[in-house]
Amino acid sequence: MSESTAHRRKVTIIGAGSVGATTAYAIILRGLADEIVLVDKQVEKAGAEALDLRHGLLFAPAAAIRTGDTADAAGSAIIIITAGAKQRPGQSRLDLAAANKRMLGELVPALVAAAPQAILLMVTNPVDVLTHIALEISGLPARQVFGTGTVLDSSRFRYLIAEHLKIAVNNVHAYIVGEHGDSEVPLWSSASVGNVPLDSLTIPGHPALSSADRARIFEDVRTAAQQIIAAKGATNWAIGLASAKVVEAIVRDENAILPVSRMLEDYHGISNVCLSVPSVVSRAGVGPALPMQLSDEELQLLRRSAEVLKETRRSISDGGH
Numbered sequence: 051m052s053e054s055t056a057h058r059r060k061v062t063i064i065g066a067g068s069v070g071a072t073t074a075y076a077i078i079l080r081g082l083a084d085e086i087v088l089v090d091k092q093v094e095k096a097g098a099e100a101l102d103l104r105h106g107l108l109f110a111p112a113a114a115i116r117t118g119d120t121a122d123a124a125g126s127a128i129i130i131i132t133a134g135a136k137q138r139p140g141q142s143r144l145d146l147a148a149a150n151k152r153m154l155g156e157l158v159p160a161l162v163a164a165a166p167q168a169i170l171l172m173v174t175n176p177v178d179v180l181t182h183i184a185l186e187i188s189g190l191p192a193r194q195v196f197g198t199g200t201v202l203d204s205s206r207f208r209y210l211i212a213e214h215l216k217i218a219v220n221n222v223h224a225y226i227v228g229e230h231g232d233s234e235v236p237l238w239s240s241a242s243v244g245n246v247p248l249d250s251l252t253i254p255g256h257p258a259l260s261s262a263d264r265a266r267i268f269e270d271v272r273t274a275a276q277q278i279i280a281a282k283g284a285t286n287w288a289i290g291l292a293s294a295k296v297v298e299a300i301v302r303d304e305n306a307i308l309p310v311s312r313m314l315e316d317y318h319g320i321s322n323v324c325l326s327v328p329s330v331v332s333r334a335g336v337g338p339a340l341p342m343q344l345s346d347e348e349l350q351l352l353r354r355s356a357e358v359l360k361e362t363r364r365s366i367s368d369g370g371h
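Be aware that the sequence shown starts at 51, since it is given in this note's numbering, and climbs by one per residue.
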């Protein structure tokens with residue numbers, strides 16, 4: 051990314067639905083962009099969302115908020131793709147892959163032509179498979195194309211651990227890795243509170259975590275999206291905040307450690323697949339993956355998650371849809 055583009059802090063969001071609009075809102079509140087462009091096939095809806103956001107600028111850091119098409123992504127530091135078919139109740143994220151693959155085939159070449167230096171941040175589900183497809187279509191370096199992955203899952207994980215232990219969530223350090231979906235993997239072996247490994251944590255007056263508690267917490271993480279979708283039709287607030295956090299790491303050149311979905315090459319023997327592992331995120335994009343110590347079971351589950359995603363990638367390629 052060129053210095054001028056990086057400092058311009060222009061963000062284009064593809065898709066002005068609930069996730070795209072909420073992501074824009076979170077970015078505005080954090081003061082992460084000087085200019086935000088909303089792009090959506092429903093032009094009137096995108097215009098209404100932009101107008102609604104502009105009406106609140108008295109209460110937020112200054113930013114230009116407008117609508118446009120893919121050509122208006124020119125000069126963007128970051129392009130966030132949230133557009134795509136909605137996940138329906140009972141539908142897995144992987145079931146969405148074929149329809150959203152076709153969408154990327156139209157979108158990505160136009161976006162790369164408009165803003166070849168921009169980082170492409172994938173949010174649309176299934177985010178891991180679509181990140182891989184976007185990377186292939188774009189022809190961009192792997193550092194420039196990655197997805198929100200399990201950033202949200204890890205937040206849910208930490209929240210539920212903190213809620214059980216009755217401590218502040220920002221004191222919990224734990225990751226979900228692998229697919230953003232059913233085959234994701236909780237890294238219990240490296241989870242900690244403060245500087246204390248979770249496995250050896252005892253705090254008087256705060257309930258310990260039993261095996262049953264761990265199973266319940268992980269199940270709640272794994273099924274969180276389905277629970278929310280069944281009740282209100284879509285998830286938007288937490289993924290908007292998660293996406294804004296990734297944008298913050300890029301814009302502010304934080305070198306933050308985030309479990310984003312990225313192309314892996316020989317990571318614990320895993321190659322040629324996009325999935326989430328803790329990685330360095332900065333203005334340059336996604337950098338090195340952390341060489342995490344995994345238990346034998348966690349490594350086996352991570353490799354299985356990679357195979358699930360590879361099989362899905364193969365199936366939609368072989369089927370031509």
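Yeah, the Cβ is synthetic: ideal placement off N, Cα and C, and Gly gets one too.
By the DSSP assignment, the beta strand (DSSP E) with residue i in it spans what residues?
i: Ser-326; result: 323–326
i: Gly-197; result: 195–197
i: Arg-312; result: 311–314
i: Lys-216; result: Taken as a continuous stretch (DSSP letters only), Lys-216 belongs to no beta strand (DSSP E), as it is neither H nor E.
i: Val-331; result: 329–332
i: Lys-60; result: 60–64
i: Met-172; result: 169–172
i: Leu-340; result: Leu-340 -> no beta strand (DSSP E), and no H or E assigned at all.
i: Ile-128; result: 128–131
i: Leu-308; result: 306–308
i: Leu-248; result: Counting along the chain, Leu-248 falls outside any beta strand (DSSP E), and DSSP gives it neither H nor E.
i: Leu-88; result: 85–89
Residue i to residue j, Cα distance in whole Å?
i: Ala-66; j: Lys-95; result: 7 Å
i: Leu-108; j: Ile-78; result: 11 Å
i: Ile-115; j: Pro-257; result: 47 Å
i: Ser-365; j: Ala-113; result: 43 Å
i: Ala-281; j: Glu-269; result: 18 Å
i: Ser-54; j: Thr-252; result: Reliability fails at Ser-54, whose pLDDT of 46 lies under 50, so the model's placement of it is uncertain and the value that follows must be treated cautiously. Distance between the alpha carbons of Ser-54 and Thr-252 is about 51 Å.
i: Arg-353; j: Ala-133; result: 29 Å
i: Gly-244; j: Ala-284; result: 33 Å
i: Ala-241; j: Asp-249; result: 8 Å
i: Ser-68; j: Pro-254; result: 42 Å
i: His-57; j: Gln-194; result: With a pLDDT of 46 at His-57, under the threshold of 50, the modelled position of that residue is not reliable, and no figure is offered here.
i: Ala-299; j: Ser-126; result: 16 Å
i: Gly-197; j: Ala-83; result: 19 Å
i: Leu-308; j: Ser-367; result: 29 Å
i: Val-158; j: Val-222; result: 37 Å
i: Tyr-75; j: Leu-291; result: 9 Å
i: Asn-286; j: Asp-102; result: 17 Å
i: Ala-224; j: Leu-210; result: 11 Å
i: Arg-317; j: Val-61; result: The sequence as given places Tyr at residue 317; Arg does not occur at that position. Going by the C-alpha atoms only, they are around 31 Å apart.
i: Ala-148; j: Val-246; result: 44 Å
i: Asn-322; j: Ala-192; result: 11 Å
i: Leu-152; j: Leu-259; result: Sequence inspection shows Arg at residue 152; the Leu mentioned does not correspond to that position. Each residue's alpha carbon lies about 44 Å from the other.
i: Arg-104; j: Ala-98; result: 10 Å
i: Ala-208; j: Pro-236; result: The sequence as given places Arg at residue 208; Ala does not occur at that position. Cα-Cα distance, rounded: 11 Å.
i: Leu-190; j: Thr-120; result: 17 Å
i: Ala-339; j: Glu-186; result: 20 Å
i: Leu-46; j: Ile-131; result: Examination of residue 46 is not possible in this model, given that the chain is present from 51 through 371 alone.
i: Glu-85; j: Ala-100; result: 11 Å
i: Val-93; j: Thr-117; result: 8 Å
i: Ala-288; j: Leu-349; result: 28 Å
i: Asp-178; j: Glu-229; result: 7 Å
i: Gln-276; j: Lys-91; result: 26 Å
i: Asp-263; j: Ile-279; result: 24 Å
i: Arg-266; j: Arg-206; result: 13 Å
Return the first residue and the last residue of the alpha helix (DSSP H) that residue i is part of.
i: Thr-72; result: 68–80
i: Gly-155; result: 147–164
i: Thr-181; result: 177–188
i: Leu-291; result: 287–301
i: Val-271; result: 261–272
Assuming residue i and residue j are in contact, meaning their beta carbons sit under 8 Å apart, how far apart are those beta carbons, in whole angstroms?
i: Arg-59; j: Val-296; result: About 15 Å; that fails the 8 Å criterion.
i: Val-310; j: Gly-199; result: 5 Å
i: Val-271; j: Ala-306; result: With 8 Å as the limit, Val-271 and Ala-306 do not qualify as a contact, their Cβ atoms being about 21 Å apart.
i: Ala-123; j: Ala-165; result: 5 Å
i: Leu-325; j: Ser-355; result: 6 Å
i: Thr-174; j: Asn-150; result: 6 Å
i: Ile-129; j: Leu-88; result: With a Cβ gap of about 12 Å, Ile-129 and Leu-88 do not count as contacting.
i: Val-336; j: Arg-312; result: 5 Å
- Message: Extract the residue ranges of the beta strand (DSSP E) inside the segment 91–119, only unbroken runs of 3 or more that lie entirely within it.
- Response: 114–118
- Looking at C-beta atoms only, is the number of pairs between the segment 332–352 and the segment 213–222 that lie closer than 8 Å three or more? no
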